[in-house]
Amino acid sequence: MSPREDEGQSRPGVSRRGVLGGGVAVAVAAPLLTTVADASGAVDVEPAAPVTVRVEVNGRAHTLEVDPRVTLLDALRERMGLTGTKKGCDRGQCGACTVHVDGRRVLSCLTLAATTNGREVTTIEGLARGDRLHPMQQAFIERDGLQCGFCTPGQIMSAVGMVQEGHADSDAEIRERMSGNLCRCSCYPRIVDAVRDAQKVMR
Ligand code: FES
Ligand code: FES
308 MSPREDEGQS RPGVSRRGVL GGGVAVAVAA PLLTTVADAS GAVDVEPAAP VTVRVEVNGR
368 AHTLEVDPRV TLLDALRERM GLTGTKKGCD RGQCGACTVH VDGRRVLSCL TLAATTNGRE
428 VTTIEGLARG DRLHPMQQAF IERDGLQCGF CTPGQIMSAV GMVQEGHADS DAEIRERMSG
488 NLCRCSCYPR IVDAVRDAQK VMR
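The sequence shown lines up with residues 308 to 510 when you count with our numbering.
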């Protein structure tokens, strides 16, 4: 947004100064967000009309009524009780929230739940088969690819997706293709070892 637009030049009747300090309630309509600033400058987000989402998560069908602004991450954690998917940054920078949608890895904090209507989602809870861990989960345990474990669900989901995409041919490629998954405990060398081990079993 240019400085002129920021001052409300492109929206007749609405200015940034007016919203922040004008003392008059002003509503600013955006595609998915409606806000109202009162005389104190406090901003309330008004509820939007809910949308119906039918999504299959880890093989189980769910029907949800959600605010169209709700992320897939929040829907998983707060509506479906699937808290294995972690919220790190909530802005697409850490990879902790990685899940699969129709077999492709996505950042669930940047994915609106409404866009998953009719699709299949897999989370870390859906990888194991009963008591049998997925080879990637087993490899992370055997290679000690974690310390605190906060990033681990996202690391594992990303690693499984990467191997399925056929992009794990070398340590350098693994590091590059998983560069969006950060680990504050800096377990990177062991994560790469785990991916190489799991890759042999997954083939
Ligand atoms: S929580 Fe989604 S990328 Fe950090
Ligand atoms: S194991 Fe602690 S952040 Fe990765």
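Idealized CB from N, CA, C, for every residue including glycine.
Run the proximity test for residue i: is its beta-carbon closer than 7 angstroms to any non-hydrogen atom belonging to ligand 1?
i    : result
L383 : no
G456 : no
G433 : no
G473 : no
Q462 : no
L389 : no
K507 : no
A356 : no
G395 : yes
Just reading off the alpha helix (DSSP H) that residue i is part of, what are its end residues?
i    : result
V467 : 459–472
R412 : Per DSSP, R412 belongs to no alpha helix (DSSP H); it is in the beta strand (DSSP E), 411–414.
A446 : 442–449
V502 : 495–509
R484 : 478–484
Kindly examine ligand 2 and report whether one of its heavy atoms sits closer than 7 angstroms to the Cβ of residue i.
i    : result
R497 : no
T459 : yes
C515 : Because the chain spans 308 through 510 in this model, residue 515 falls outside it and cannot be assessed.
R491 : yes
From what residue to what residue does the beta strand (DSSP E) around residue i run?
i    : result
Y367 : What sits at residue 367 in the sequence shown is Arg, not Tyr. Per DSSP, R367 belongs to the beta strand (DSSP E) from 367–373.
R361 : 358–364
E427 : 427–429
T405 : 405–408
Compute the beta-carbon to beta-carbon distance between residue i and residue j, rounded to the nearest angstrom, for a pair I have assumed lies under 8 angstroms.
i    : j    : result
N488 : G391 : Incorrect: roughly 15 angstroms between the Cβ atoms, too far for contact.
T405 : S477 : So it is not a contact: roughly 21 angstroms between Cβ atoms.
R439 : C416 : Not really, about 30 angstroms apart at Cβ, beyond 8 angstroms.
* **Three CB pairs or more closer than 8 angstroms across the segment 375–383 and the segment 405–422** => yes
* To do: Examine the Cβ distances between the segment 426–443 and the segment 451–466 and report whether three or more of them are shorter than 8 angstroms.
  => yes
* To do: Check whether the segment 443–453 touches the segment 486–504, counting contact only when three or more Cβ pairs, one atom from each stretch, lie closer than 8 angstroms.
  => yes
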